[in-house]
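> I have a structure here, written as structure tokens, and I will follow up with some questions on it.
2 protein chains.
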Amino acid sequence: MELSLPRKALVTGAAGFLGSHLCRRLLEDGYEVTALDNLFTGTKRNIEGFLANPRFSFVLHDVTQPYWGQFDEIYNLACPASPVHYQHNPVETTKSSVLGIMNMLDLALKTKARLLHTSTSEIYGDPLVHPQVESYWGNVNTIGVRSCYDEGKRCAETLAADYRREYGVDVRMVRIFNTYGPNMHPKDGRVISNFIMQALRDEDITIFGDGSQTRSFQYCDDLVEAMRRYMELPRAEVDAFCARHALGAPVVNTGNPGEYTIRQLAEETLRLIPESKSKIVSRPIPADDPKRRKPDISLAKELLGWEPVIPLREGLAKTIGYFRAFVSERGSK
Amino acid sequence: MELSLPRKALVTGAAGFLGSHLCRRLLEDGYEVTALDNLFTGTKRNIEGFLANPRFSFVLHDVTQPYWGQFDEIYNLACPASPVHYQHNPVETTKSSVLGIMNMLDLALKTKARLLHTSTSEIYGDPLVHPQVESYWGNVNTIGVRSCYDEGKRCAETLAADYRREYGVDVRMVRIFNTYGPNMHPKDGRVISNFIMQALRDEDITIFGDGSQTRSFQYCDDLVEAMRRYMELPRAEVDAFCARHALGAPVVNTGNPGEYTIRQLAEETLRLIPESKSKIVSRPIPADDPKRRKPDISLAKELLGWEPVIPLREGLAKTIGYFRAFVSERGSK
């Protein structure tokens with residue numbers, strides 16, 4: 070940095086939905102970006118716009134294997150994140166969380182890199198506290214069909230906290246709540262991509278139960294802003310924050326506290342796709358489906374001076390624009 | 070078995086407290102035993118009586134590294150299990166749970182061995198349900214000082230459940246509640262070894278808070294009996310049991326539901342060491358110390374036809390006998 074060389078960032082899961090937005094932002098901020106992905110759920114389509122940029126390098130690599138390089142900052146995003154993907158091979162899902170963070174923590178330790186680990190609201194499971202605060206310990210099944218993701222992510226937090234306490238690694242964590250935007254996988258089975266794809270294809274919009282379960286929806290750019298602010302903070306400030314809040318490690322919720330029912334989301338989606346002939350229909354609720362999820366973001370506000378600024382309607386319109394192009398390119402409507 | 074060859078068992082953590090009792094039992098039952106231990110908390114003293122047995126082999130090996138061999142049964146016990154040990158190097162504690170079970174699951178998968186994994190009541194954390202049933206999801210901090218053990222063990226359960234669901238590995242799990250007996254590490258910081266050592270040395274017997282927190286105390290031989298019965302069950306019976314109880318994996322609590330306060334335990338210990346000059350004194354409660362812990366063992370009763378039969382006074386007397394010999398050998402009283 071003193072030599073005015075670009076700062077170097079490593080991003081794992083870089084060809085995924087969030088990874089691609091983070092890469093774009095890091096390139097805009099002048100970074101040299103090394104982008105790892107095993108392309109299991111990520112796709113080169115998400116990063117094709119960066120491939121010609123001399124400050125961008127893509128490496129086809131699985132984070133369960135060690136990776137070596139000299140970076141100023143590491144952003145660990147790699148892990149299948151939607152049930153349809155993470156239940157495809159549950160053992161590999163847990164390995165990508167646990168071995169992935171081990172490899173990145175080891176790399177950060179040996180190279181003194183700063184590390185941002187992306188945890189998830191899923192570590193709260195089916196929460197008994199609402200909205201969720203960082204000090205809430207969660208309510209998670211260890212042996213259920215969602216456990217591969219939830220427990221892998223919980224264990225990753227534990228490892229990060231202990232590498233920080235034991236070895237002094239400068240690791241920071243965000244617990245990401247539902248996030249959406251362009252580059253979402255159209256078949257990831259998540260509610261926003263489902264609804265938009267169904268509406269664009271005039272298919273029934275499926276809600277589970279009566280659709281009264283609530284979710285918070287964070288637009289991707291809001292999250293990336295939080296991540297970048299977090300990584301710019303001096304370590305002493307992060308340490309003081311942990312001490313002040315008696316947090317065992319720096320974890321902050323990042324999400325949009327605006328709460329919508331699944332039914333409201335379906336209706337909003339249909340309003341933004343007025344030509345759609347879709348109808349809203351109900352299906353049985355799947356096993357272990359969390360009933361309510363809403364972040365308390367007081368800590369992120371305090372630490373990062375951050376809160377989401379993009380309203381659902383605006384983010385949804387951008388996302389619909391992306392999926393429209395996707396559908397019309399494929400000629401699949 | 071049809072050739073009347075001895076059945077082969079692999080025991081990880083074999084030189085630890087429980088591992089040594091299990092090895093003895095397996096040898097008594099006619100097994101050929103391969104005993105792995107990295108000797109971090111285990112000690113050869115615990116297994117020295119078996120070293121001359123031609124059906125016993127000790128291998129100095131760390132379960133975080135793969136191990137290969139052909140076995141009928143694998144008993145995965147390796148992991149530092151008392152706070153003073155598992156907090157010594159938290160990162161290695163988590164690795165011994167998570168990488169250890171991965172290695173044993175991979176071995177079981179490739180060799181079609183039956184696998185018993187020892188989980189723990191610690192996966193319930195500071196339980197909000199009392200007594201604890203297997204369907205209770207627990208209340209565990211992901212980033213605290215005990216998390217390395219709790220979350221590592223939770224993640225190990227998840228991996229075991231998914232190797233079973235995904236790859237058909239015949240894995241069974243016990244959630245072990247407080248267990249005691251000869252061969253406990255005299256400095257493991259656990260309450261029974263602490264109290265006995267303090268009483269034998271005429272030191273103050275330290276209780277945390279007012280000593281009203283309760284624990285259940287299972288004698289080691291009771292647990293080993295449960296483990297052996299579990300491994301003798303045909304797979305179909307275990308599968309039917311899971312289906313009947315809607316359990317995502319075969320997990321049963323093993324512990325003694327008899328509940329004692331810490332103060333009662335201290336008093337009982339002093340009664341059994343009448344020559345002791347020790348007094349009971351109180352200290353502040355440590356962070357994340359679980360308040361109450363008592364197993365519901367209905368499932369183990371149903372599946373294994375098992376319940377603990379050794380009363381606390383009898384088990385405590387045997388344990389005191391062991392520690393007396395230990396102290397007098399060292400001449401440290």
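As you go down the protein sequences, you meet chains A and B in turn. For the first sequence, the numbering used here puts the final residue at 402, and the numbers step up evenly by one. For the second sequence, the numbering used here puts the final residue at 402, and the numbers step up evenly by one. Ideal Cβ placement from N, Cα and C applies to all residues, glycine included. These numbers come from a predicted model, not from an experiment.
1. Could you tell me whether any Cβ in chain A is nearer than 7 Å to the Cβ of B:Val-160?
2. Listing by chain order, which chain A residues have their CB less than 8 Å from the CB of B:Val-167?
3. What are the boundary residues of the beta strand (DSSP E) that B:Tyr-329 is part of?
4. Please classify B:Ser-166: is it buried, with 16 or more other beta-carbons within 10 angstroms of its beta-carbon, or exposed?
5. Can you check whether the C-beta of B:Ser-216 is within less than 7 Å of a C-beta belonging to chain A?
6. Per DSSP, A:Arg-241 is paired with what?
7. Can you name the residues of chain B whose CB is closer than 9 Å to the CB of A:Val-209?
8. Please decide whether B:Trp-375 counts as near chain A, where near means a Cβ-Cβ distance under 7 Å.
9. How would you call A:Leu-108, buried or exposed, if buried means at least 16 neighbouring beta carbons within 10 angstroms?
10. Give a yes or no on whether 7 Å exceeds the smallest Cβ distance from A:Leu-381 to chain B.
11. How about A:Thr-112 and A:Leu-168: are their beta carbons less than 7 Å apart?
12. Rounded C-beta distance between A:Arg-244 and A:Thr-162? I'm assuming under 8 Å.
13. Can you look up A:Val-396 in the DSSP assignment and give me helix, strand or coil?
14. Just the chain B side, please: which residues come within less than 7 Å of A:Gly-213 by C-beta, in chain order?
15. Note down, in chain order, every chain B residue with its Cβ under 9 Å from the Cβ of A:Asp-18.
16. Mind checking A:Pro-303: buried by the 16 CB within 10 Å criterion, or exposed?
17. Going residue by residue through the region 228–316 of chain B, where are the continuous alpha helix (DSSP H) segments of at least 4 residues, counting only ones entirely within it?
18. Give the straight-line distance between the Cα atoms of B:Met-296 and A:Phe-264, rounded to the nearest whole angstrom.
19. What is the DSSP secondary structure of B:Glu-337, counted as helix, strand or coil?
20. Could you round the C-beta distance between B:Asp-141 and B:Arg-183 to whole angstroms and report it? I think they count as a contact, below 8 Å.
21. Assess, as a yes-or-no matter, whether the region 194–203 of chain A is touched by the region 306–324 of chain A under the definition of 3 or more beta carbon pairs within less than 8 Å.
22. List the residues of chain A that B:Gly-194 touches, going by C-beta distances under 9 Å, in chain order.
23. Over the uninterrupted beta strand (DSSP E) stretch that includes B:Phe-125, give me the two end residues.
24. Relative to the C-alpha of A:Leu-79, which candidate in A:Lys-387, A:Thr-283 and A:Ala-147 has its C-alpha closest?
25. Any idea if B:Lys-222 is buried or exposed, counting beta-carbon neighbours within 10 angstroms, 16 or more meaning buried?
26. For chain A, find out if any of its Cβ atoms is closer than 7 Å to the Cβ of B:Ala-230; answer yes or no.
27. Taking the alpha-carbon positions, what's the B:Leu-269 to A:Val-307 distance?
28. Within the continuous alpha helix (DSSP H) that includes B:Arg-94, where are the two ends?
29. Quick check on the DSSP output: the alpha helix (DSSP H) that includes B:Asp-141 runs from which residue to which?
30. Going by DSSP in three states, A:Val-160 sits in which element: helix, strand or coil?
31. Whole angstroms are fine: how far does the CA of B:Glu-117 sit from the CA of A:Ala-369?
32. Would A:Ser-19 pass as a contact of A:Pro-255 if the rule is Cβ separation under 7 Å?
33. What residue from B:Glu-191, B:Asp-175 and B:Asn-210 has the CA that sits closest to A:Ile-192's CA?
34. To which residues of the same chain is A:Glu-337 closer than 8 Å at the C-beta, ignoring the five residues directly before and after it?
35. With distance defined between alpha-carbon atoms, name the residue in A:Leu-87, A:Leu-74 and A:Ala-150 nearest to A:Asp-291.
36. For B:Val-102, which residues in chain A fall below 7 Å Cβ to Cβ?
So, from the data block:
1. Chain A, which has a Cβ nearer than 7 Å to the Cβ of B:Val-160, makes this yes.
2. Result: Val-167 and Cys-224.
3. Element bounds for B:Tyr-329: 328–330.
4. The C-beta of B:Ser-166 has 16 or more other C-beta atoms within 10 Å across all chains shown, which makes the residue buried.
5. At least one C-beta of chain A is nearer than 7 Å to the C-beta of B:Ser-216.
6. In DSSP, A:Arg-241 forms a bridge with A:Leu-185.
7. Neighbours of A:Val-209 on chain B, chain order: Trp-206, Gly-207, Val-209 and Arg-223.
8. By the rule that beta-carbons nearer than 7 Å mark a contact, B:Trp-375 does not touch chain A.
9. With fewer than 16 other beta carbons inside 10 angstroms of its own, A:Leu-108 counts as exposed.
10. Residue contact check for A:Leu-381 against chain B: no CB pair falls below 7 Å.
11. In this structure, A:Leu-168 does not lie closer than 7 Å to A:Thr-112 by Cβ.
12. The pair is not a contact, with the Cβ atoms about 18 Å apart (cut-off 8 Å).
13. Of the three classes helix, strand and coil, the one that applies to A:Val-396 here is helix, per DSSP.
14. In chain order: Gly-317.
15. This structure leaves residue 18 of chain A out entirely; chain A is present only between 70 and 402.
16. By the 10 Å Cβ count, A:Pro-303 comes out exposed.
17. For the alpha helix (DSSP H) assignment, the uninterrupted runs of no fewer than 4 residues enclosed by the region 228–316 of chain B are, from N- to C-terminal side, 260–269, 289–301 and 304–314.
18. Here the alpha carbons of A:Phe-264 and B:Met-296 stand approximately 49 Å from one another.
19. Note: B:Glu-337 maps to helix in three-state DSSP.
20. Right, the Cβ-Cβ distance comes to about 7 Å (below 8 Å), so this counts as a contact.
21. Touching, yes, given that three or more Cβ pairs across the two stretches are closer than 8 Å.
22. Those are Trp-206, listed as they occur along chain A.
23. Where B:Phe-125 is concerned, the enclosing beta strand (DSSP E) stretches over 125–129.
24. Measuring from the Cα of A:Leu-79, the nearest candidate turns out to be A:Ala-147.
25. Here B:Lys-222 is buried: its Cβ has 16 or more other Cβ atoms, across all protein chains shown, within 10 Å.
26. Yes, B:Ala-230 counts as interfacial toward chain A.
27. Distance from the CA atom of B:Leu-269 to the CA atom of A:Val-307, rounded to whole angstroms, is 47 Å.
28. The continuous alpha helix (DSSP H) containing B:Arg-94 extends over residues 86–97.
29. In this chain, B:Asp-141 is not harboured by any alpha helix (DSSP H), its DSSP state being neither H nor E.
30. Correct three-state label for A:Val-160: helix.
31. Inter-residue distance for A:Ala-369 and B:Glu-117 is about 56 Å (C-alpha atoms, whole angstroms).
32. Residue 19 of chain A lies beyond the stretch modelled for chain A, which goes from 70 to 402, so this question has no answer here.
33. The shortest C-alpha separation from A:Ile-192 is found at B:Asn-210.
34. Tyr-329, Leu-381, Arg-382 and Leu-385.
35. Relative to the Cα of A:Asp-291, the nearest Cα in the group A:Leu-87, A:Leu-74 and A:Ala-150 belongs to A:Leu-87.
36. Going along chain A, no residue has its Cβ under 7 Å from B:Val-102, so there is no contact; the nearest lies around 29 Å.
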